[in-house]
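Student: No gaps in the numbering here: position 438 of the sequence shown is 438 in UniProt numbering, and each next residue is one more. Here a beta-carbon is modelled for each residue, glycine too, at the ideal position from N, C-alpha and C. Supplied in structure tokens, the structure appears directly below.
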Amino acid sequence: MASNGESPATDGAQGGMRIDPIQFEVVRSALTQVAEEMAAALRRSAYSTNVKTRQDFSCAFFDRDCRPISQAFTQPVHLGSFVELIPTSVKTYGAENLEPGDMLVVNNPFGGGSHLNDVTVFGPVHHNGELVGYVASLAHHVDVGGGAPASIGPFQEIFQEGVIIPPVKLVKRGEMNEDVFKLLLSQIRSKRVTTGDFRAQVAANTVGARRLVDLVEKYGIADFDQYVAAVVDYTDRRTRAEIADIPDGVYGTEGFLDYDGFSDKVVNLKVEITVEGESVFFDFDGCDAQRRAPVNSTKAMTFSACAYALRALMAPDMPVNDGFYRHIKMNAKPGTVVHAIHPAPVVGGWETQVRINDMLFKAFSTGMPEKVASSTKAMMAQAGFGIIDRENGEYHCNYEALAGGYGARATSDGPDAVQQHGQNTENAPVEEVESHFPMRVSRLSLIEDSEGPGKFRGGLGMRRDYHFPDDPATFTVLSDRDIQGPQGIFGGMAGRKAFYILNPDDPEQETNELTSKCVVELKPGDTVSFQTPGGGGYGPPIERDPEAVLKDVIGEKINHQRAKDLYGVVIDPDTNTIDHSATNESRQKLTSSRNEN
């Protein structure tokens with residue numbers, strides 16, 4: 001409901017009816033529920049673990065002017081790209097060429113999209129021949145062709161990353177366009193799973209269209225439009241009030257990716273945020289030129305980072321629609337790593353987007369320290385593999401983005417082994433992965449001592465070992481953070497960096513440390529260990545409550561020596577009790593040492 005003294009009651013954005021606040025909330029919730037019901041339908045009917053279990057998808061409703069109106073709370077990072085993708089695609093294809101029951105499919109990174117795996121299916125909604133709006137579903141498909149299974153890897157141009165889909169009709173008047181569908185599937189390894197995921201997107205859109213028609217029939221098209229306008233206006237007022245609460249000023253910071261996959265040069269990023277009154281401007285001037293390497297972000301990805309960071313600073317009950325997005329102003333120079341242009345590779349753009357998120361929170365920390373977190377795992381941590389079934393020849397592909405430590409905040413520790421920021425996906429269960437693929441997850445655990453020490457510590461990273469006992473496989477890694485771990489703030493320390501290791505802990509196999517951007521051919525018996533970073537700490541470690549340190553030691557999250565060396569807490573290893581006298585002395589020494597440095 002309303003906050004900041006605002007009321008949803010309105011005379012209508014276009015001079016229409018007076019809207020009752022209670023009825024307004026009923027309709028607003030109904031619009032949100034349309035997107036949520038689409039998401040439920042997609043998840044229940046999808047085939048791939050990445051979509052049906054990890055929830056790597058998004059759903060939304062747009063009005064007839066292609067403005068975002070409601071969205072499901074699955075993957076926030078996708079939704080910012082919708083803002084440009086839908087209107088651009090409708091303009092490209094021509095709204096006049098879309099009939100009732102049609103749906104377009106598109107994944108063009110340079111037409112408002114992100115990377116090629118993120119494929120959007122959307123279509124118009126009509127009532128009695130009149131256009132109501134559009135419903136859209138985006139899913140990260142486990143493979144879209146290209147140079148490696150899962151379509152991720154160290155590629156140098158977009159054509160190596162998979163099939164590029166301009167807006168084309170996947171569904172014509174309610175029926176699948178089989179010619180287009182067959183053409184798409186011919187480019188893709190995991191045909192059975194991909195078929196199921198595409199049909200799930202179509203089903204989700206069909207559900208959304210039905211629910212919107214139900215609302216129009218209940219209220220009439222004129223009143224429905226007034227309610228939609230009122231929802232957007234309400235969000236506009238709420239957004240302006242929330243931005244006004246951010247202290248005016250210029251917030252700036254710099255960051256980098258460790259390397260691009262083809263050279264050891266860091267990828268430099270820079271942002272300056274200007275907040276003045278009810279406006280906020282994100283300026284990315286000073287970022288590196290785009291690379292012939294998989295680290296480039298599209299304009300839509302970068303916009304998504306800005307939208308997510310700004311939204312995270314606001315009240316949790318505020319709706320997100322065009323009334324929010326219209327206030328985000330951004331400068332990202334074309335041809336840079338934050339606004340790549342054709343034919344740059346963009347498959348790893350989410351790695352850059354994640355780093356931008358951390359930079360934005362770091363920048364805002366100077367004015368709003370109580371609302372930000374220190375650095376998360378600060379990477380998407382993408383892993384994929386492909387195996388050809390010996391019995392039936394089916395090409396199995398799997399993709400997942402692994403969890404890591406979340407950054408600590410002003411009042412709490414970072415959670416262990418969760419997805420970062422707007423990623424919001426789930427971890428793939430071991431049992432499900434093993435039941436679908438001829439491989440084993442030989443180890444899944446938190447990583448002891450991986451937290452970023454602080455008054456509030458960062459979350460622990462996780463280790464996931466993929467073992468391929470019987471079949472050769474291709475394994476792909478597209479990640480980062482194997483040079484420098486996620487940083488802490490306000491005296492907090494960095495989390496442990498990432499590691500990618502071939503055949504760890506096996507004396508009978510050759511052990512090699514892999515890079516964060518690689519494709520490796522595995523023989524039967526090989527294992528790849530993917531170890532994600534811990535989150536950064538918040539505040540000096542010697543200010544941490546000794547009882548919290550003891551709890552972490554007992555829980556085997558940190559060891560006794562680390563408790564003493566970094567937190568200054570001396571714990572008897574035999575009794576697991578705090579030696580308070582020794583702890584006071586230890587902390588005094590650490591304080592003196594810190595002051596000297």
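1. Classify Lys-329 as buried or exposed, calling it buried when 16 or more other Cβ atoms lie within 10 Å of its own Cβ.
2. Is it the case that the segment 102-120 contacts the segment 136-154, given that we only count it when at least three CB pairs across the two stretches are under 8 Å?
3. Could you give the distance in angstroms between the alpha-carbon of Glu-351 and the alpha-carbon of Gly-386?
4. Would you identify the three-state DSSP class for Lys-523, choosing helix, strand or coil?
5. Got a sec, what are the start and stop residues for the alpha helix (DSSP H) Glu-84 sits in?
6. In chain order, what residues of the same chain have a beta carbon less than 7 Å from the beta carbon of Lys-523, not counting five sequence neighbours either side?
7. Any chance the segment 449-457 sits against the segment 532-549, with 3 or more Cβ pairs inside 8 Å?
8. Around the Cβ of Lys-91, are there at least 16 other Cβ atoms within 10 angstroms (buried) or fewer (exposed)?
9. Just the Cα atoms here: how many angstroms apart are Asn-268 and Gly-252?
10. For Lys-329, write down the residues that DSSP places opposite it in a beta bridge.
11. Taking the Cβ atom as the reference point for each residue, do Gly-525 and Gly-495 lie within a distance shorter than 8 Å?
12. For Val-216, I'd like the list of residues in its chain whose CB is within less than 8 Å of its CB, leaving aside the five on either flank, ordered along the chain.
13. With respect to the alpha helix (DSSP H) encompassing Arg-237, which residues constitute its N-terminal and C-terminal limits?
14. CA-CA distance, Lys-191 and Glu-84?
15. Would Pro-343 pass as a contact of Phe-159 if the rule is Cβ separation under 8 Å?
16. Which value, in whole angstroms, describes the spacing of the CA atoms of His-580 and Val-338?
17. Which residue comes first and which comes last in the alpha helix (DSSP H) that contains His-436?
18. Are Met-103 and Val-202 closer than 8 Å when you measure CB to CB?
19. Check whether the Cβ of Cys-59 lies closer than 8 Å to any Cβ atom in chain B.
20. Could you tell me which of Asp-56, Thr-239 and Gly-488 sits nearest to Leu-402, measuring between CA atoms?
21. Hey, how far is the Cα of Asp-11 from the Cα of Leu-313?
22. Can you list, in chain order, the residues of its chain with a C-beta nearer than 6 Å to that of Gly-80? Leave out the 5 residues immediately preceding and following it.
23. Which two residues bound the contiguous alpha helix (DSSP H) that contains Asn-584?
24. Can you tell me whether Val-477 is buried or exposed, with buried defined as 16 or more other CB within 10 angstroms of its CB?
25. For Ile-554, collect the residues of the same chain with a Cβ closer than 7 Å to its Cβ; drop the 5 residues on either side in sequence, then sort them by chain order.
26. Which first and last residues belong to the alpha helix (DSSP H) in which Cys-306 is found?
27. Taking the DSSP output, what are the residues bridged to Ile-273?
28. When burial is assigned at 16 or more other CB atoms within 10 Å of the CB, is Arg-481 buried or exposed?
29. Ordered along the chain, which non-local residues of its own chain (more than five positions away) have a Cβ less than 8 Å from that of His-436?
30. On the DSSP letters alone, give me the boundaries of the alpha helix (DSSP H) that Asn-50 sits inside.
31. List the DSSP bridge partners of Gly-384.
32. Sorted by chain position, which residues of the same chain lie with C-beta nearer than 6 Å to Glu-394's C-beta, five sequence neighbours on each side aside?
33. Which residues in the same chain as Lys-333 place their Cβ atom closer than 8 Å to its Cβ, once the five residues preceding and following it in sequence are excluded?
34. Cα-Cα, which of Glu-175, Val-231, Lys-182 and Val-142 is closest to Thr-32?
35. Does Asp-197 pass the burial test, meaning 16 or more other C-beta atoms within 10 Å, or should it be called exposed?
36. Please state whether the Cβ-Cβ distance between Asp-118 and Asn-108 is less than 8 Å.
Tutor: In terms of the structure at hand:
1. As a first step, residue 329 must be located in the sequence shown, where it is residue number 329. Lys-329 comes out exposed.
2. By the Cβ criterion, the segment 136-154 is in contact with the segment 102-120, since at least three pairs of Cβ atoms, one from each stretch, lie closer than 8 Å.
3. On the sequence shown, position 351 is the one that residue 351 refers to. On the sequence shown, position 386 is the one that residue 386 refers to. Answer to the nearest angstrom: the Cα atoms are 22 Å apart.
4. Start at 1 with the first residue of the sequence shown, and residue 523 comes out as number 523. Correct three-state label for Lys-523: coil.
5. The count along the sequence shown starts at 1 and reaches residue 84 at position 84. That run of the alpha helix (DSSP H) goes 76-93.
6. In the sequence shown, counting from the first residue as 1, residue 523 sits at position 523. For Lys-523, where only same-chain residues beyond five positions count, the Cβ hits under 7 Å are Pro-472.
7. yes
8. Taking the sequence shown and counting its residues from 1, the one referred to as residue 91 is at position 91. Exposed: under 16 other Cβ atoms inside 10 Å.
9. Stepping through the sequence shown from its first residue, residue 268 is reached at position 268. Stepping through the sequence shown from its first residue, residue 252 is reached at position 252. Note on geometry: alpha-carbon atoms of Asn-268 and Gly-252 lie some 14 Å from one another.
10. As a first step, residue 329 is located in the sequence shown; it is residue number 329 there, counting from the start. In the DSSP output, where bridge partners are listed per residue, Lys-329 has Phe-281.
11. Locating residue 525 in the sequence shown gives position 525, where the first residue counts as 1. Locating residue 495 in the sequence shown gives position 495, where the first residue counts as 1. Not in contact: Gly-525 and Gly-495 (Cβ atoms no closer than 8 Å).
12. Residue mapping note: residue 216 aligns to position 216 of the sequence shown, counting from 1. The answer, listed in chain order, is His-127, Val-132 and Phe-224.
13. Here residue 237 corresponds to residue number 237 of the sequence shown, with the count starting at 1. Arg-237 -> alpha helix (DSSP H) spans 221-244.
14. Counting from one through the sequence shown, the residue named residue 191 turns up at place 191. Counting from one through the sequence shown, the residue named residue 84 turns up at place 84. Cα to Cα, Lys-191 sits roughly 29 Å from Glu-84.
15. Within the sequence shown, the letter at position 343 stands for residue 343. Within the sequence shown, the letter at position 159 stands for residue 159. Yes. Within cutoff.
16. Here residue 580 is taken as the residue at index 580 of the sequence shown, counted from 1. Here residue 338 is taken as the residue at index 338 of the sequence shown, counted from 1. If I take the Cα positions, the gap works out to 51 Å.
17. By 1-based counting over the sequence shown, the position of residue 436 is 436. Here the alpha helix (DSSP H) through His-436 covers 430-436.
18. Within the sequence shown, residue 103 is the residue found at index 103, counting from 1. Within the sequence shown, residue 202 is the residue found at index 202, counting from 1. Cβ distance < 8 Å, so Met-103 and Val-202 count as in contact.
19. Absent here is chain B; the protein component of the structure consists of one chain.
20. Here residue 402 is taken as the residue at index 402 of the sequence shown, counted from 1. For the residues Asp-56, Thr-239 and Gly-488, the minimum Cα distance to Leu-402 belongs to Asp-56.
21. If you number the sequence shown from 1, residue 11 lands on position 11. If you number the sequence shown from 1, residue 313 lands on position 313. Annotation note: pLDDT 47 at Asp-11 (below 50); position unreliable, coordinate value reported separately. The alpha-carbon atoms of Asp-11 and Leu-313 are separated by roughly 29 Å.
22. As a first step, residue 80 must be located in the sequence shown, where it is residue number 80. The residues are Phe-303, Ser-304 and Ala-307.
23. Start at 1 with the first residue of the sequence shown, and residue 584 comes out as number 584. Note, Asn-584: alpha helix (DSSP H), 580-596.
24. Taking the first residue of the sequence shown as 1, we reach residue 477 at position 477. With 16 or more Cβ atoms within 10 Å of its Cβ, Val-477 is classed as buried.
25. The residue labelled residue 554 in the question sits at position 554 within the sequence shown. Within the same chain, Ile-554 has close Cβ partners Asn-576.
26. Indexing the sequence shown from 1 puts residue 306 at position 306. Cys-306 -> alpha helix (DSSP H) spans 299-312.
27. Residue numbering aside, residue 273 sits at position 273 when the sequence shown is read from its first letter. The partner list for Ile-273 (beta bridge, DSSP) reads Tyr-251 and Phe-282.
28. On the sequence shown, residue 481 is found 481 positions in, with the first residue counted as 1. Result: buried.
29. Indexing the sequence shown from 1 puts residue 436 at position 436. Contacts found: Thr-49, His-396 and Asn-398.
30. Locating residue 50 in the sequence shown gives position 50, counting from the first residue. Residues 49-52.
31. The residue you call residue 384 lines up with position 384 of the sequence shown. Beta-bridge pairing links Gly-384 to Tyr-399 and Thr-476.
32. The sequence position of residue 394 within the sequence shown is 394, counting from 1. Result list for Glu-394: empty, nothing under 6 Å.
33. Residue numbering aside, residue 333 sits at position 333 when the sequence shown is read from its first letter. Closer than 8 Å at Cβ, skipping near neighbours: Phe-284, Asp-285, Cys-287 and His-339.
34. For the purposes of this step, residue 32 is taken as the residue at position 32 of the sequence shown. The residue with the shortest Cα to Cα distance from Thr-32 is Val-231.
35. Within the sequence shown, numbered from 1, the residue matching residue 197 stands at position 197. Label assigned to Asp-197: buried.
36. Along the sequence shown, read from residue 1 onward, the residue named residue 118 stands at position 118. Along the sequence shown, read from residue 1 onward, the residue named residue 108 stands at position 108. No, these two residues do not count as a Cβ contact at 8 Å.
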